[in-house]
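For the sequence shown, the working numbering begins at 2 and goes up steadily by one. All C-beta atoms, glycine included, are put in the ideal place defined by N, C-alpha and C. None of the values given here were measured: they were computed from a predicted structure.
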Amino acid sequence: MADRDAKLVIVGSGPAGYTAAIYAARADLKPILVSGPQPGGQLTITSEVENFPGFPDGILGPELMELFRRQAERFGTEFVEGLVTSVDFGRRPFLLQIDEGRESIRAEAVILATGASAKWLGVPGEKEHWGKGVSACATCDGFFYRDQEVVVIGGGDSAMEEATFLTKFASRVTVIHRRDTLRASKIMQDKARSNPKISFLWNSVVKEILGDETGVTGVRVKNLVSGGEAVVKCTGVFVAIGHEPNTKIFRGQLDMDESGYIRVVPGTTRTSVPGVFACGDVMDPVYRQAITAAGTGCMAALDAERYLERG
Ligand code: NAP
Numbered sequence: 002m003a004d005r006d007a008k009l010v011i012v013g014s015g016p017a018g019y020t021a022a023i024y025a026a027r028a029d030l031k032p033i034l035v036s037g038p039q040p041g042g043q044l045t046i047t048s049e050v051e052n053f054p055g056f057p058d059g060i061l062g063p064e065l066m067e068l069f070r071r072q073a074e075r076f077g078t079e080f081v082e083g084l085v086t087s088v089d090f091g092r093r094p095f096l097l098q099i100d101e102g103r104e105s106i107r108a109e110a111v112i113l114a115t116g117a118s119a120k121w122l123g124v125p126g127e128k129e130h131w132g133k134g135v136s137a138c139a140t141c142d143g144f145f146y147r148d149q150e151v152v153v154i155g156g157g158d159s160a161m162e163e164a165t166f167l168t169k170f171a172s173r174v175t176v177i178h179r180r181d182t183l184r185a186s187k188i189m190q191d192k193a194r195s196n197p198k199i200s201f202l203w204n205s206v207v208k209e210i211l212g213d214e215t216g217v218t219g220v221r222v223k224n225l226v227s228g229g230e231a232v233v234k235c236t237g238v239f240v241a242i243g244h245e246p247n248t249k250i251f252r253g254q255l256d257m258d259e260s261g262y263i264r265v266v267p268g269t270t271r272t273s274v275p276g277v278f279a280c281g282d283v284m285d286p287v288y289r290q291a292i293t294a295a296g297t298g299c300m301a302a303l304d305a306e307r308y309l310e311r312g
């Protein structure tokens with residue numbers, strides 16, 4: 002078991018982790034970045050990114066993340082491929098185990114940028130069309146559905162927000178919900194219900210996402226009351242059944258909200274443990290954008306730098 006020491010370890014390689022690495026490396030903190038199960042994060046499974054400033058013609062998600070990575074590398078970030086499988090924030094320096102003890106790193110400060118994962122339906126056709134008709138982000142992908150028919154799955158605030166946003170582009174938005182009452186707040190419900198482009202399919206679950214080489218063509222839906230099945234034609238499927246922050250291994254060691262998002266001191270990236278910082282989607286259930294994740298990644302590096310300077 003290799004054992005070593007670091008001033009700063011960054012866990013996670015999405016926009017937040019890489020931005021923290023760029024800043025920390027430039028501050029000569031010699032950060033070690035542990036990439037996690039999906040190097041590059043959620044953007045590596047998106048296609049075109051059109052809302053990241055600096056790329057007026059858009060850029061593919063994987064390409065954008067490769068640029069982030071190269072920039073972090075240029076200033077001396079060390080990359081460790083692997084998964085942080087356990088942490089001990091109760092001792093100093095902190096201890097992180099990688100791949101069940103394949104390697105362990107003692108760190109004076111840690112930045113957590115492990116992100117969140119969209120929850121998926123787990124039905125046939127979903128994986129196959131992911132990023133090509135199936136999305137979990139209307140802000141990212143809605144633009145591609147101008148004058149097309151789309152469906153949104155879910156009955157919470159996210160589903161209402163996605164559906165309402167999509168009416169800017171799509172000709173028709175069908176919300177498919179498994180019950181006959183929405184979980185969403187009244188104000189978001191009212192907004193969606195009063196939008197003439199939005200209709201609701203109640204007590205219904207998607208059993209399969211249908212498609213061919215051109216992309217998604219529809220969804221096969223089952224009505225839970227009648228038991229009947231029908232096909233809803235659409236070219237886009239937006240799954241909005243919630244996100245899960247990737248915080249399982251930190252449970253019991255850091256303050257989290259009831260959904261498992263890491264709590265930080267407002268306006269900072271400081272967690273309940275001095276020396277441990279959190280940035281990006283793992284502490285942000287609200288904005289969840291690449292640019293906001295990058296912004297808080299920068300904050301985390303600056304917060305960590307100040308913490309380390311104080312000794
Ligand atoms: P959520 O409140 O947990 O809602 C998830 C929805 O998806 C529920 O309607 C749920 O159905 C449905 N669902 C869950 N698993 C499903 C499955 N396997 N198949 C079909 N349907 C499934 O998640 P969220 O909407 O992402 O919201 C998360 C939090 O962020 C909430 O606190 C919300 O208020 C907040 N948020 C706020 C805003 C805003 O204020 N602008 C915007 C977005 C999110 P059931 O209802 O039957 O359980």
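State yes or no: is the C-beta of residue 285 nearer than 7 Å to some heavy atom of the ligand NAP?
As a first step, residue 285 is located in the sequence shown; it is residue number 284 there, counting from the start. False, no ligand heavy atom lies under 7 Å from that Cβ.
Residue 234 and residue 150 look like a contact to me (Cβ under 8 Å); what is the Cβ gap, rounded to whole Å?
Walking along the sequence shown from the start, residue 234 turns up at place 233. Walking along the sequence shown from the start, residue 150 turns up at place 149. That pair is a contact at about 6 Å.
Check whether the Cβ of residue 206 sits closer than 7 Å to any heavy atom of the ligand NAP, and report yes or no.
Position 205 of the sequence shown, counted from the first residue, corresponds to residue 206. Residue side-chain check: residue 206 places its Cβ nearer than 7 Å to a non-hydrogen atom of the ligand NAP.
So what does DSSP say about residue 84, is it helix, strand or coil?
Numbered from 1 along the sequence shown, position 83 holds the residue referred to as residue 84. The DSSP-derived three-state label of residue 84 is coil.
CB of residue 120 to nearest heavy atom of the ligand NAP: below 7 Å?
Taking the sequence shown and counting its residues from 1, one reaches residue 120 at position 119. Flag set: Cβ of residue 120 near the ligand NAP.
Is residue 241 near the ligand NAP, judged by its Cβ being under 7 Å from some heavy atom?
Residue mapping note: residue 241 aligns to position 240 of the sequence shown, counting from 1. Under cutoff, so the answer is yes.
Is the beta carbon of residue 132 closer than 8 Å to that of residue 238?
Looking up residue 238 in the sequence shown gives position 237. Looking up residue 132 in the sequence shown gives position 131. It is not a contact, given that the beta carbons lie outside the stated cut-off.
Relative to the C-alpha of residue 91, which residue among 164, 254, 110 and 24 is closest?
Taking the sequence shown and counting its residues from 1, one reaches residue 91 at position 90. When C-alpha distances from residue 91 are compared across 164, 254, 110 and 24, the shortest belongs to 254.
From residue 105 to residue 260, what distance separates their C-alpha atoms?
Here residue 105 refers to the residue found at position 104 of the sequence shown. Here residue 260 refers to the residue found at position 259 of the sequence shown. Each residue's Cα considered, the two are about 29 Å apart.
Distance, residue 69 Cα to residue 56 Cα
The count along the sequence shown starts at 1 and reaches residue 56 at position 55. The count along the sequence shown starts at 1 and reaches residue 69 at position 68. C-alpha separation (whole angstroms): 13 Å.
In this structure, what does DSSP give as the bridge partners for residue 223?
Taking the sequence shown and counting its residues from 1, the one referred to as residue 223 is at position 222. According to DSSP, which records beta bridges pairwise, residue 223 is partnered with 206 and 230.
With distances taken between CB atoms, is the gap from residue 306 to residue 30 smaller than 8 Å?
As a first step, residue 306 is located in the sequence shown; it is residue number 305 there, counting from the start. As a first step, residue 30 is located in the sequence shown; it is residue number 29 there, counting from the start. Closer than 8 Å, so yes.
What's the gap between the Cα of residue 297 and the Cα of residue 88?
For this step, residue 297 is matched to residue 296 along the sequence shown. For this step, residue 88 is matched to residue 87 along the sequence shown. Taken atom to atom, the span from the alpha-carbon of residue 297 to that of residue 88 is near 22 Å.
Count Cβ pairs between the segment 261-277 and the segment 206-213 that sit closer than 8 Å; are there 3 or more?
As far as the Cβ criterion goes, the segment 261-277 does not touch the segment 206-213, which means the pair count is below three.
Would DSSP call residue 98 helix, strand or coil?
The count along the sequence shown starts at 1 and reaches residue 98 at position 97. When secondary structure is reduced to three states using DSSP, residue 98 falls in the strand class.
Hey, would you say the C-beta of residue 230 is under 7 Å away from at least one heavy atom of the ligand NAP?
Within the sequence shown, numbered from 1, the residue matching residue 230 stands at position 229. Taking 7 Å as the cut-off, one finds no heavy atom of the ligand NAP near enough to the beta carbon of residue 230.
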